[in-house]
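*Asks:* Numbering follows the numbering used here, with no gaps: position 47 of the sequence shown is 47.
Mind having a look at this structure? Questions to follow.
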Amino acid sequence: MTDTDCLFCGIVSGEINADVIYENDQVIAFRDINPQAPTHVLVIPRKHIATVNELADVDRDIAGALHLAARDIAKQEGIAEDGFRTVMNCNSAAGQTVFHIHLHVLGGREMGWPPG
Ligand code: 5GP
Ligand code: ZN
């Protein structure tokens with residue numbers, strides 16, 4: 001399922017270029033165009049899901065696949081041992097700007113807490 005007006009569906013279909021670093025049958029991951037850390041990768045499902053609020057029970061495998069990909073990417077990027085952060089923003093109060101869910105994987109620097 002894709003949404004023709006969705007930027008990240010365009011990356012899934014290959015119509016929009018991205019620096020893809022990881023993919024499997026359920027997810028694709030690419031470097032953020034405006035990185036907030038030395039490593040900043042976005043992991044997205046191939047299926048269009050607008051926000052976490054739209055995640056359905058049938059999307060259980062996809063939700064898991066996003067995190068398993070983050071684990072593999074952290075290792076691939078060499079940030080697994082030092083540590084890294086995964087973030088998924090939902091709707092405006094959290095700062096979501098692209099309405100196709102994406103797991104941010106951030107690492108390569110010290111992270112502050114609480115997040116802004
Ligand atoms: P959000 O604010 O929705 O949690 O995160 C959206 C992210 O997508 C931002 O970090 C932003 O820099 C990134 N982004 C927006 N447009 C593009 C794009 O065309 N290509 C890539 N690679 N990243 C994008
Ligand atoms: Zn989409």
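Think of the CB as a built atom: it goes at the ideal place given N, C-alpha and C, for glycine as much as any other residue.
Here the structure is a predicted model, which means the values were calculated and not measured.
1. Can you tell me which of the three DSSP states ARG109 falls into?
2. From ASP5 to VAL58, what does the alpha carbon distance come to, in whole angstroms?
3. Does DSSP put HIS67 in a helix, in a strand, or in coil?
4. How big is the Cα-Cα spacing for GLY9 and ARG31?
5. How many whole angstroms separate the CB atoms of GLY108 and THR39, which I take to be in contact at a CB cut-off of 8 Å?
6. Are there any heavy atoms of ligand 2 lying less than 8 Å away from the beta-carbon of CYS9, as far as the coordinates show?
7. Roughly how far, in whole angstroms, is the beta-carbon of ILE105 from the beta-carbon of LEU7, given that I think they are within contact range, below 8 Å?
8. Which residues in the same chain have their Cβ closer than 7 Å to the Cβ of THR51, if we skip the five residues on either side of it in sequence?
*Replies:* Let me lay it out:
1. Here residue 109 refers to the residue found at position 109 when the sequence shown is read from its first residue. Reduced to three states, the DSSP call for ARG109 is coil.
2. Within the sequence shown, residue 5 is the residue found at index 5, counting from 1. Within the sequence shown, residue 58 is the residue found at index 58, counting from 1. Using only the alpha carbons, I get a separation of about 24 Å.
3. The sequence position of residue 67 within the sequence shown is 67, counting from 1. Note: HIS67 maps to helix in three-state DSSP.
4. Against the sequence shown, residue 9 aligns to sequence position 9. Against the sequence shown, residue 31 aligns to sequence position 31. Residue identity differs from the one stated: residue 9 is Cys in this sequence, not Gly. Using only the alpha carbons, I get a separation of about 15 Å.
5. Taking the sequence shown and counting its residues from 1, the one referred to as residue 108 is at position 108. Taking the sequence shown and counting its residues from 1, the one referred to as residue 39 is at position 39. Rounded, the Cβ-Cβ distance is 5 Å, consistent with contact.
6. Here the question's residue 9 lines up with position 9 in the sequence shown. Yes, Cβ of CYS9 sits closer than 8 Å to a heavy atom of ligand 2.
7. Here residue 105 refers to the residue found at position 105 when the sequence shown is read from its first residue. Here residue 7 refers to the residue found at position 7 when the sequence shown is read from its first residue. Inspection of the sequence shows that residue 105 is occupied by Val rather than by Ile. Not quite, the Cβ-Cβ distance comes to about 18 Å (not below 8 Å), so this is no contact.
8. Position 51 of the sequence shown holds residue 51. Residues CYS90, ASN91, GLN96, PHE99, ILE101 of the same chain have their beta carbon placed closer than 7 Å to that of THR51, with the five preceding and five following residues left out of the count.
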